[in-house]
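Trainee: Mind looking over this structure? Questions follow.
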Amino acid sequence: MASGTWSGAKSTAWQGQGNLTSITDAFPQLTNLTLDPGTGRNPRMGGQNYTHCCLLAVNASLDIADGFIVQTPSSFIQTTVEDLLAATEGNQFPCTAKYDGNHNGAPVVQVPYSWLSTTCPGWQLSRSKPESQWISPFVGFLLPAVVFCLMIPRRRKLAVWNKLFLQDLSQVMSWLIAPFAMLLAGICVTIDTIMWLSICFAFGSPMLLSGFYEAYLDYIIIGFIQEKLQNNQLTIDMKARLLFVILCGNLDLDPEIRTLDEEMMHLPVSSDDARNSRWPDMTGNPSEQPRNPNSPWTHVENLVHDIRSYSDVANNVGLPVGAPVVFFLGTFVFTIVTTLSNLGDNDTSLALAFGMWFMIIPHVSIVSGLLLAGNNPNTLEGVVAHEFGDTDPPSTEKKHFGTRVFELAYDSRYRPQWLWFRGRSKRQWVEKVWKTYEYRHPFGQKGPMILDEDMSALRRATTLTAKSWGVILGMTFLLLAFYTPQVGISCRTLIFTVYTISQLCQILLWLWAYAGAPEEGTCPALMGKGGILHQSGFYTPTDVTSLCSWHTIFTIRSLWPIIWFSLAIIFGLGGVLTAIGGTVMQLMGVYRSNKCDINAEWWTRPHRDVTYVISSNSALAIYYANRYWLACGITATLFLAVVCFSGWWYQRRLRGLFRGLVSSLGDENKDREDIRAAVVRN
């Protein structure tokens with residue numbers, strides 16, 4: 001309301017002054033006011049009503065003297081009675097005021113924490129109206145996050161009993177059981193989705209870090225192949241295996257051999273497809289070496305001509321991730337517009353903050369979607385199905401309680417890694433390549449084996465330096481920056497702070513376990529490769545073999561796994577509890593309590609003289625919403641859009657480079673000189 005309207009309202013409001021018999025004559029909102037909030041529920045169980053608390057504070061601040069309304073000595077109203085009457089006439093009564101375009105807002109009612117905790121204990125349960133309390137966060141941000149989390153690849157899922165999907169509906173009893181079976185199956189899927197959403201939320205930083213690590217390795221491998229092709233320094237098998245690593249580096253490199261495949265372990269490789277003149281044995285490895293049919297590595301030689309078709313069905317970040325991002329951004333834009341029309345409404349601003357917190361799920365989904373490796377291993381299995389015949393059993397996984405409750409996400413002989421392990425998995429695939437071709441025959445095939453300089457270069461290129469880790473960590477921290485609280489620590493910001501700390505600590509644990517020992521000469525000898533820490537197993541804290549033997553369980557090597565897994569459990573539970581607890585408390589309204597209205601530093605202060613604004617639509621709330629919340633919302637919206645677009649552009653670029661490299665596999669002029677000579681001799 002404009003000040004001119006207020007002055008007009010003053011003349012109307014003051015006509016009754018001097019003839020008033022009760023406060024309710026001027027403020028009908030205070031009629032029949034009692035200490036009971038009237039919710040029919042225990043205040044400590046969500047039955048509090050802070051609008052009612054504001055009315056109590058106004059009522060305690062006013063009195064009648066000679067027909068005039070006056071303020072009591074301990075008044076909580078931060079304005080004059082004249083202005084309060086004028087604001088009430090202009091529909092800006094402090095307890096029920098809503099933003100009407102005037103940035104001056106409504107009069108402020110400010111109470112001390114001691115009064116608030118005594119008069120209004122407990123917390124206020126979210127109501128169906130206003131929608132900004134829980135409907136906006138739930139429908140606008142939580143449900144879209146569910147869609148995003150279902151796009152994030154995983155290794156296992158909660159098993160749903162197959163008998164719940166009745167095959168025979170020809171009998172009446174089947175139709176009677178079907179609704180209950182459908183309900184139970186739906187409950188199982190719902191529980192599985194909630195669990196996976198919580199896991200993605202709680203372990204978002206390791207997922208982001210591992211995803212960036214894998215993307216970085218893809219970039220390095222493609223650049224390495226391009227450089228070596230210009231100098232004709234790679235053989236066709238080297239190129240094929242490196243390209244295959246890009247597509248399948250997220251799968252188990254050496255999985256457990258299935259019982260029905262054991263007879264295939266000692267079968268020789270087909271001479272037509274593998275050990276011909278174009279695939280000479282340049283490694284000195286015996287051709288009769290046992291093979292693991294379950295390992296994708298075994299089938300690279302037979303897939304050289306199918307890599308292109310397999311890459312065409314790999315991830316495409318455009319449609320699967322881009323479309324949901326558009327809807328998620330639409331929700332943000334709607335919330336921002338709502339904030340513009342309700343600048344003084346704290347619930348709307350807090351809903352925007354809640355959406356920014358949940359933005360980590362779309363970011364994880366985008367990062368997992370921009371990776372070149374396909375998420376569904378059934379595609380690869382379909383390409384190599386001719387090796388196993390058409391009667392391959394669907395699953396021969398050893399069953400125990402764990403695998404019965406949590407089954408494989410994909411019914412395939414190939415198993416994808418969890419997203420937080422994918423970067424490490426691709427690194428192991430790269431190590432497999434350069435260890436396989438580490439030594440080669442000299443030109444002319446005479447003399448002892450010599451070190452292959454190109455494989456040494458590959459090892460150096462894929463061994464991340466401090467600068468490389470800085471780039472990856474910088475990108476990860478950039479995506480986590482939105483979730484760090486800015487000013488003050490209270491209930492919501494305390495949850496955000498604990499969550500952020502748990503994510504940062506998980507990043508440190510990930511680096512400890514998978515970054516490896518520093519190269520010699522880059523750090524003190526104590527910490528580098530071959531040093532005391534390296535020899536004691538410090539850089540392999542996830543190796544629990546030392547805990548499985550009485551001879552090594554009391555050694556320093558067994559101490560590192562105990563420390564690492566203990567910290568992983570603590571920080572993992574911290575992330576899970578803050579993710580689940582913070583979300584539930586936001587939706588229920590637990591944060592609307594007297595303790596959450598002040599900073600945590602005042603929770604244990606004995607004097608408790610800190611004050612809190614209990615009224616609505618205050619000028620300060622309007623100012624903060626206009627200056628900070630809108631800026632944060634717009635920035636978060638643009639940031640997510642830029643991340644999605646950049647991910648799409650990055651993947652399209654690498655896919656184009658990848659296709660070009662695949663096309664060059666059949667070009668004999670690109671082979672290494674000794675390979676071309678061998679082909680000519682044959």
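Each residue of the sequence shown is one higher than the one before, counting from 1 in full-length UniProt numbering.
By construction, the Cβ of each residue, glycine as well, lies at the ideal position given by its N, Cα and C atoms.
1. Under a three-way DSSP split, which group does residue 98 fall into?
2. Would you call the segment 86–104 and the segment 575–585 touching, i.e. three or more CB-CB distances under 8 Å?
3. Please name the residue, chosen from 628, 222, 251, 60, that lies closest to residue 424 on a Cα-to-Cα basis.
4. Where does residue 43 fall in DSSP's three states?
5. Following the continuous alpha helix (DSSP H) through residue 583, name the residue where it begins and the one where it ends.
6. Going by beta carbon distance, what residues of the same chain come within less than 6 Å of residue 461, once the five residues before and after it are set aside?
7. Residues in its own chain within less than 8 Å of residue 6 by CB, not counting five upstream and five downstream?
8. Going by DSSP in three states, residue 539 sits in which element: helix, strand or coil?
9. Can you pull the DSSP bridge partners for residue 593?
10. Could you give the C-beta distance for residue 554 and residue 505, rounded to a whole number, given that I count them as a contact under 8 Å?
11. Does the distance from the C-beta atom of residue 636 to that of residue 355 stay below 9 Å?
12. Quick one: what's residue 659 bridged to in DSSP?
13. Do residue 658 and residue 366 come within 9 Å of each other at the CB atom, strictly closer than that value?
14. Any chance the CB of residue 653 is under 8 Å from a heavy atom of the ligand GTP?
15. Candidates 590, 417, 515: which alpha carbon is nearest residue 44's?
16. For the beta strand (DSSP E) that contains residue 685, what are its first and last residues?
17. If you draw a straight line from the alpha carbon of residue 422 to that of residue 154, how long is it in whole angstroms?
18. What did DSSP end up calling residue 544 once you bin it into helix, strand or coil?
19. On the criterion of 16 or more Cβ atoms from any shown chain inside 10 Å, does residue 282 qualify as buried, or is it exposed?
20. Give the DSSP-derived three-state secondary structure of residue 239 in the structure shown.
21. According to the neighbour-count rule (16 or more other Cβ atoms, all chains shown, within 10 Å of its Cβ), is residue 537 buried or exposed?
22. Between residue 3 and residue 31, what straight-line distance do the alpha-carbon atoms span, to the nearest angstrom?
23. Express the C-alpha separation of residue 432 and residue 456 in angstroms, rounding to a whole number.
24. Taking the alpha carbon of residue 726 as the point to measure from, which residue in 439, 377, 121, 436 has its own alpha carbon closest?
25. What number of angstroms, rounded off, separates the C-alpha of residue 205 from the C-alpha of residue 661?
26. Give every residue of the same chain whose Cβ lies closer than 7 Å to the Cβ of residue 191, excluding the five residues on either side of it in the sequence, and list them in chain order.
27. Indicate the three-state DSSP secondary structure (helix, strand or coil) for residue 110 in the structure shown.
28. Near residue 182, which residues of its chain fall below 7 Å by C-beta distance, leaving aside the five closest residues on each side in sequence?
29. Report back the beta-carbon spacing between residue 207 and residue 364 to the nearest angstrom; my notes put them in contact at under 8 Å.
30. If we require 4 or more residues per run, which alpha helix (DSSP H) segments fall completely within the segment 140–205?
31. According to DSSP, is residue 70 part of a helix, a strand, or is it coil?
32. Going by beta carbon distance, what residues of the same chain come within less than 6 Å of residue 11, once the five residues before and after it are set aside?
33. Assuming residue 81 is part of the alpha helix (DSSP H), what are its boundary residues?
34. With a CB to CB cut of under 8 Å and the five nearest residues on each side skipped, what residues in its chain are close to residue 518?
35. Go ahead and pull the three-state DSSP assignment for residue 364.
Mentor: Taking the structure as given:
1. In the three-state reduction of the DSSP assignment, residue 98 falls in the coil class, being assigned neither a helical nor a strand state.
2. Using a C-beta cut-off of 8 Å, the segment 86–104 makes no contact with the segment 575–585, since fewer than three inter-stretch Cβ pairs fall below that distance.
3. Residue nearest to residue 424 within the set 628, 222, 251, 60 is 251 (criterion: CA-CA distance).
4. Annotated three-state conformation of residue 43 is helix, per DSSP.
5. First-last of the alpha helix (DSSP H) with residue 583: 556–588.
6. Within the same chain, 220, 224 come within 6 Å of residue 461 by CB-CB distance, once the 5 residues on both sides are set aside.
7. With a pLDDT of 49 at residue 6, under the threshold of 50, the predicted position of this residue should be treated as unreliable, and no value is reported.
8. Coil, per DSSP.
9. Looking at the DSSP assignment, residue 593 forms a beta bridge with 123.
10. Taking a contact as a CB-CB distance under 8 Å, the pair residue 554 and residue 505 does not count as one, their CB atoms being some 27 Å apart.
11. Yes; because the gap between Cβ atoms is below 9 Å, this pair is in contact.
12. Here residue 659 is not bridged, per DSSP, to any residue.
13. Residue 366 is not a Cβ neighbour of residue 658, given a cutoff of 9 Å.
14. By its list of ligands, the structure shown contains no ligand whatsoever, and the ligand GTP lies outside what it can speak to.
15. Among 590, 417, 515, the Cα nearest to that of residue 44 belongs to 590.
16. There is simply no residue 685 to check, as the chain begins at 1 and stops at 682 in what is shown.
17. When rounded, the distance between both Cα atoms is 10 Å.
18. Residue 544: coil per DSSP, three-state reduction.
19. Confidence in residue 282 is poor, its pLDDT being 44 and thus under 50, which makes the residue's placement unreliable; the coordinate value appears in the next sentence. With 16 or more other Cβ atoms inside 10 Å of its own Cβ, residue 282 counts as buried.
20. Residue 239 carries a helical assignment under DSSP once its states are collapsed to helix, strand and coil.
21. So residue 537 ends up on the buried side.
22. Only weak support is given to the placement of residue 3: the predicted model assigns it a pLDDT of 43, under 50, and the question is left unresolved by the model.
23. One C-alpha to the other measures close to 13 Å.
24. A question about residue 726 goes unanswered here, because the residues of the chain that appear run from 1 up to 682.
25. Near 32 Å, if we compare the C-alpha coordinates of residue 661 and residue 205.
26. So the list reads 158, once near-sequence residues are dropped.
27. Correct three-state label for residue 110: strand.
28. Result list for residue 182: empty, nothing under 7 Å.
29. Yes, they are in contact, since the Cβ atoms of residue 207 and residue 364 sit about 5 Å apart, within 8 Å.
30. Runs found: 143–151, 172–202.
31. In the structure shown, residue 70 falls within a strand segment according to DSSP collapsed to helix, strand and coil.
32. Bear in mind that a pLDDT of 43 at residue 11, under 50, signals an unreliable position, so the number given afterwards is only what the model happens to contain. There are no such residues.
33. 81–89 is the extent of the alpha helix (DSSP H) around residue 81.
34. For residue 518, where only same-chain residues beyond five positions count, the Cβ hits under 8 Å are 527, 528, 529.
35. Residue 364 sits in a helix when the DSSP states are folded into three classes.
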